[in-house]
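J.: Sequences listed follow chains A and B, in order. First residue of the first sequence? That's 161 in our numbering, and the numbers climb one at a time after it. First residue of the second sequence? That's 161 in our numbering, and the numbers climb one at a time after it. Every residue gets a Cβ at the ideal spot worked out from N, C-alpha and C, and that includes glycine.
There are 2 protein chains.
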Amino acid sequence: MKPLTDRQQDILTFIERSLLQDGFPPTIAEIAAAFGVRSTNSIRGHLQALARKGAIELVPAASRGIRLLKATPSPEQGLPLVGRVAAGQPILAEEHIEGYCRLGPELFDHRADYLLRVQGMSMRDAGILDGDLLAVQRTPEARNGQIVVARIHDEATVKRLRLEGVKAFLEPANPDFAIIEVDLQREQLVIEGVVVGVIRSGL
Amino acid sequence: MKPLTDRQQDILTFIERSLLQDGFPPTIAEIAAAFGVRSTNSIRGHLQALARKGAIELVPAASRGIRLLKATPSPEQGLPLVGRVAAGQPILAEEHIEGYCRLGPELFDHRADYLLRVQGMSMRDAGILDGDLLAVQRTPEARNGQIVVARIHDEATVKRLRLEGVKAFLEPANPDFAIIEVDLQREQLVIEGVVVGVIRSGL
DNA sequence: CACTATACTGCTTATAAAAGCAGTAACCAT
DNA sequence: ATGGTTACTGCTTTTATAAGCAGTATAGTG
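1) Grab me the residues of B:Leu-289's own chain with a C-beta within less than 6 Å of its C-beta, minus the 5 sequence neighbours each way, in chain order.
2) With a CB to CB cut of under 6 Å and the five nearest residues on each side skipped, what residues in its chain are close to A:Ala-246?
3) Under 7 Å between the Cβ atoms of B:Gly-259 and B:Gln-297?
4) Can you tell which of A:Gly-357, A:Lys-213 and A:Ala-192 has its C-alpha closest to the C-alpha of A:Thr-165?
5) So is B:Ile-175 in contact with chain A if we call contact Cβ pairs under 7 Å?
6) Please report the residue range of the alpha helix (DSSP H) in which B:Ala-209 lies.
7) Here's a check: name, in chain order, each residue in its chain whose Cβ is nearer than 7 Å to the Cβ of B:Glu-217, leaving out the five neighbours to either side.
8) Taking A:Gln-174 as part of the beta strand (DSSP E), name the residues at either end of that continuous run.
9) In three-state terms, what does DSSP make of B:Pro-235?
10) Quick one: list the residues of chain B neighbouring A:Ile-359, beta-carbon separation under 9 Å, in chain order.
11) Three-state secondary structure (DSSP) at A:Ile-188?
12) Quick one: does A:Ser-223 have its CB under 7 Å from some CB of chain B?
13) Applying a beta-carbon distance threshold of less than 8 Å, which residues of chain B neighbour A:Leu-228?
14) Let's test the definition: count the other Cβ atoms within 10 Å of the Cβ of B:Lys-327 and tell me whether it reaches 16, buried, or not, exposed.
15) Does the beta carbon of A:Pro-163 sit closer than 7 Å to a beta carbon anywhere in chain B?
16) What would DSSP say about A:Arg-284, mapped onto helix, strand or coil?
17) Residues in its own chain within less than 8 Å of B:Val-356 by CB, not counting five upstream and five downstream?
18) For the ligand GDP, I want to know if B:Pro-185 counts as a neighbour, meaning its beta carbon is within less than 6 Å of at least one of the ligand's heavy atoms.
19) Just confirm the distance between the C-beta atoms of A:Ala-316 and A:Val-308, as a whole number of angstroms; I'd bet it's less than 8 Å.
20) Buried or exposed, going by whether 16 or more other CB atoms sit within 10 Å of the CB of B:Pro-240?
21) A:Arg-204 to B:Thr-173, Cα distance in whole Å?
22) Anyone know if the C-beta pair for A:Val-242 and A:Leu-293 falls short of 7 Å?
23) Taking the C-alpha atoms as reference points, what is the distance between A:His-206 and A:Gln-306?
24) What separation, rounded to the nearest whole angstrom, lies between the Cα atoms of B:Gln-181 and B:Ile-191?
25) Got a sec: is the Cβ-Cβ distance from A:Gly-214 to anything in chain B below 7 Å?
26) For B:Ile-351, I'd like the list of residues in its chain whose CB is within less than 6 Å of its CB, leaving aside the five on either flank, ordered along the chain.
27) In whole angstroms, what separates the C-alpha of A:Leu-179 from that of A:Ser-223?
28) At 3 residues or longer, and completely inside the segment 268 to 356 of chain A: list those beta strand (DSSP E) runs for me, N to C.
29) Of all the options B:Ile-171, B:Ser-202, B:Val-197 and B:Ile-257, which has the alpha carbon lying nearest to the alpha carbon of B:Ala-215?
30) B:Leu-241 CB to nearest chain A CB: under 7 Å?
31) Here's the rule I'm using: 16 or more other beta-carbon atoms within 10 Å means buried, otherwise exposed. How should B:Ile-339 be labelled?
32) Using the rule of at least 16 other Cβ atoms within 10 Å of the residue's Cβ for burial, across every protein chain shown, is B:Leu-344 buried or exposed?
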């Protein structure tokens with residue numbers, strides 16, 4: 161991150177204190193008033209600079225649309241919740257992160273690194289339903305029979321892994337879906353992580 | 161503090177989650193949109209009720225001027241995890257509490273009060289398996305079709321609730337188990353809470 | 001020198017958002 | 001019945017706020 165100017169640092173500190181005191185971020189006009197500046201435009205420039213440098217995020221057209229990125233208001237921000245995973249992009253790319261869930265990574269038997277929202281019913285019989293959140297541990301290694309997050313043909317999928325010699329099978333837990341067969345000598349199978357837990361909130 | 165209505169509780173939870181995800185509170189219009197309500201006025205009423213009951217504070221004439229007063233109930237220790245429930249004893253009796261799980265009660269669509277460990281496979285087809293943790297909201301009211309924690313003959317059980325006149329049916333989600341029929345005129349059915357989420361950690 | 005970044009003034013404009021007013025309807029308690 | 005609370009619709013008005021445009025001044029840099 162590029163270094164902040166003194167003025168930018170002061171403004172950032174003011175935003176953090178406002179957030180703690182008021183419970184919500186200040187408006188641009190409030191910042192200007194606090195610094196004795198008569199024009200909001202100056203502050204806007206500073207905010208845009210802070211956004212460029214990655215210190216904050218500005219939500220367009222939203223009042224008080226300032227989001228602190230680096231400084232976490234609560235010490236533990238929780239696990240990142242990943243939504244749709246686009247083809248050809250890493251899972252933890254920032255644009256996929258829908259939010260953060262405050263839960264301890266040690267809640268599960270194995271440490272979870274992030275949460276992934278399930279799409280579809282292909283793992284129904286394993287008790288994994290559409291819309292569930294999967295707690296995923298980020299690891300390239302998976303054992304036979306584990307439920308994994310795999311990437312095949314640039315598409316992310318959740319299946320049970322079965323390894324037999326040079327072939328890998330990605331087995332759904334639902335007879336309505338087909339087993340995906342991968343010839344490891346010709347195709348690439350990337351294991352993004354193993355599923356260590358399930359969370360369902362839509363009840 | 162006066163008890164909140166279901167609607168008020170839902171809105172409070174939504175505000176908490178917005179705050180965690182966005183970094184600032186929602187506008188009244190955003191809350192209305194999230195709940196599919198066409199008039200912002202209804203939400204204003206709810207917010208004023210929440211302010212009257214001391215759950216939030218409203219900053220007049222300020223956009224997103226919602227301040228949470230009651231910080232999340234157990235910020236440090238998390239939700240209590242209840243193990244086996246003995247006959248004739250309240251669920252949250254201290255001797256049943258196995259431990260505390262560090263997760264925010266606002267993680268689920270409705271606020272969870274405690275976690276309960278599932279015994280048996282009677283709700284298998286609802287994606288609830290043996291050993292899962294259920295997030296339970298403590299309420300004596302349940303709607304038709306909700307999965308509830310009920311107490312019948314001094315024994316706690318998790319089933320889907322179906323109400324038909326003076327009879328209540330506790331339906332398992334597994335053809336291997338029998339439906340429990342309760343005549344409300346002769347027997348007492350105590351609803352301990354409704355299931356608002358599922359957590360599975362043994363994967 | 002031209003060129004860029006920082007830091008500001010002083011307006012205007014568009015819109016986001018709170019606040020107000022007048023209703024309807026259901027439910028509950030007295 | 002009567003009043004209170006909850007829960008909503010559908011408008012209008014007012015103000016809070018972001019965003020845009022046109023400038024000024026200072027300092028550093030190749």
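T.: Inspection of the coordinates gives the following:
1) Translated into positions along the second sequence, residue 289 of chain B becomes position 129. Contacts found: none.
2) Translated into the one-based positions of the first sequence, residue 246 of chain A becomes position 86. Caution applies to A:Ala-246, whose pLDDT of 49 falls short of 50 and renders its modelled position unreliable; the value that the coordinates give is listed next. For A:Ala-246, where only same-chain residues beyond five positions count, there are no Cβ hits under 6 Å.
3) Indexing the second sequence from 1 puts residue 259 of chain B at position 99. Indexing the second sequence from 1 puts residue 297 of chain B at position 137. Going by C-beta atoms, B:Gly-259 is not nearer than 7 Å to B:Gln-297.
4) Residue 165 of chain A sits at position 5 when you count from the first residue of the first sequence. Checked all of A:Gly-357, A:Lys-213 and A:Ala-192; the closest Cα to A:Thr-165 is A:Lys-213.
5) Counted from its first residue, the second sequence places residue 175 of chain B at position 15. So no, B:Ile-175 is outside the interface.
6) Position 49 of the second sequence, counted from the start, is the residue given in the question as residue 209 of chain B. Where B:Ala-209 is concerned, the enclosing alpha helix (DSSP H) stretches over 200 to 212.
7) Within the second sequence, the letter at position 57 stands for residue 217 of chain B. The answer, listed in chain order, is Ala-211, Arg-227 and Leu-229.
8) Here residue 174 of chain A is taken as the residue at index 14 of the first sequence, counted from 1. Note that residue 174 of chain A is Phe in the sequence shown here, rather than Gln. Looking at the DSSP string, A:Phe-174 is not in any beta strand (DSSP E); the run it does join, the alpha helix (DSSP H), is 166 to 182.
9) Numbered from its first residue, the second sequence carries residue 235 of chain B at position 75. Low per-residue confidence applies at B:Pro-235: pLDDT is 44, beneath 50, and the placement is therefore not dependable, though the value from the model is reported in the following sentence. It is coil, neither helix nor strand.
10) The residue given as residue 359 of chain A occupies position 199 in the first sequence. Those are Leu-263, Leu-267, Phe-268, Ala-295, Gly-357, Val-358, Ile-359 and Arg-360, listed as they occur along chain B.
11) Translated into the one-based positions of the first sequence, residue 188 of chain A becomes position 28. Looking at A:Ile-188 - three-state DSSP - the assignment turns out to be helix.
12) The sequence position of residue 223 of chain A within the first sequence is 63, counting from 1. Yes, its Cβ sits closer than 7 Å to a Cβ of chain B.
13) The residue you call residue 228 of chain A lines up with position 68 of the first sequence. The answer, in chain order, is Gly-183.
14) In the second sequence, residue 327 of chain B corresponds to position 167, counting from 1. Exposed, by the Cβ-count rule.
15) For the purposes of this step, residue 163 of chain A is taken as residue 3 along the first sequence, with counting starting at 1. It does not; no Cβ of chain B falls within 7 Å.
16) By 1-based counting over the first sequence, the position of residue 284 of chain A is 124. Residue state, collapsed to three classes: helix.
17) Translated into the one-based positions of the second sequence, residue 356 of chain B becomes position 196. Closer than 8 Å at the Cβ level, and outside the excluded window around B:Val-356, lie Phe-268, Asp-269, His-270, Arg-271, Ala-272, Ala-295, Val-296 and Gln-297.
18) Inclusion of the ligand GDP in the displayed structure is not the case, the ligand content being empty and no account of it being possible.
19) Here residue 316 of chain A refers to the residue found at position 156 when the first sequence is read from its first residue. Here residue 308 of chain A refers to the residue found at position 148 when the first sequence is read from its first residue. Between A:Val-308 and A:Ala-316 the Cβ distance is about 11 Å, and since that is not below 8 Å, they are no contact.
20) Working through the second sequence from its first residue, we reach residue 240 of chain B at position 80. Looking at its Cβ environment, which holds 16 or more other Cβ atoms inside 10 Å, B:Pro-240 is buried.
21) By 1-based counting over the first sequence, the position of residue 204 of chain A is 44. By 1-based counting over the second sequence, the position of residue 173 of chain B is 13. Taking the straight line from one Cα to the other gives about 32 Å.
22) As a first step, residue 242 of chain A is located in the first sequence; it is residue number 82 there, counting from the start. As a first step, residue 293 of chain A is located in the first sequence; it is residue number 133 there, counting from the start. Contact flag unset, no.
23) If you number the first sequence from 1, residue 206 of chain A lands on position 46. If you number the first sequence from 1, residue 306 of chain A lands on position 146. Straight-line Cα distance between these residues: approximately 50 Å.
24) Taking the second sequence and counting its residues from 1, one reaches residue 181 of chain B at position 21. Taking the second sequence and counting its residues from 1, one reaches residue 191 of chain B at position 31. Straight-line Cα distance between these residues: approximately 14 Å.
25) What you label residue 214 of chain A is simply residue 54 of the first sequence in a count that begins at 1. It does not: the Cβ of A:Gly-214 has no partner Cβ on chain B nearer than 7 Å.
26) Working through the second sequence from its first residue, we reach residue 351 of chain B at position 191. Correct list, in chain order: Pro-300, Ala-302, Val-308 and Ala-310.
27) Your numbering for residue 179 of chain A matches position 19 in the first sequence. Your numbering for residue 223 of chain A matches position 63 in the first sequence. Computed Cα separation, rounded: 14 Å.
28) 274 to 277, 293 to 297, 307 to 312, 315 to 324, 327 to 331 and 340 to 343
29) Here residue 215 of chain B refers to the residue found at position 55 when the second sequence is read from its first residue. Per the Cα distances, B:Ile-171.
30) Here residue 241 of chain B refers to the residue found at position 81 when the second sequence is read from its first residue. B:Leu-241 does not count as touching chain A.
31) As a working note, residue 339 of chain B is residue 179 in the second sequence. So B:Ile-339 ends up on the exposed side.
32) Within the second sequence, numbered from 1, the residue matching residue 344 of chain B stands at position 184. Answer is exposed; the Cβ neighbour count stays below 16.
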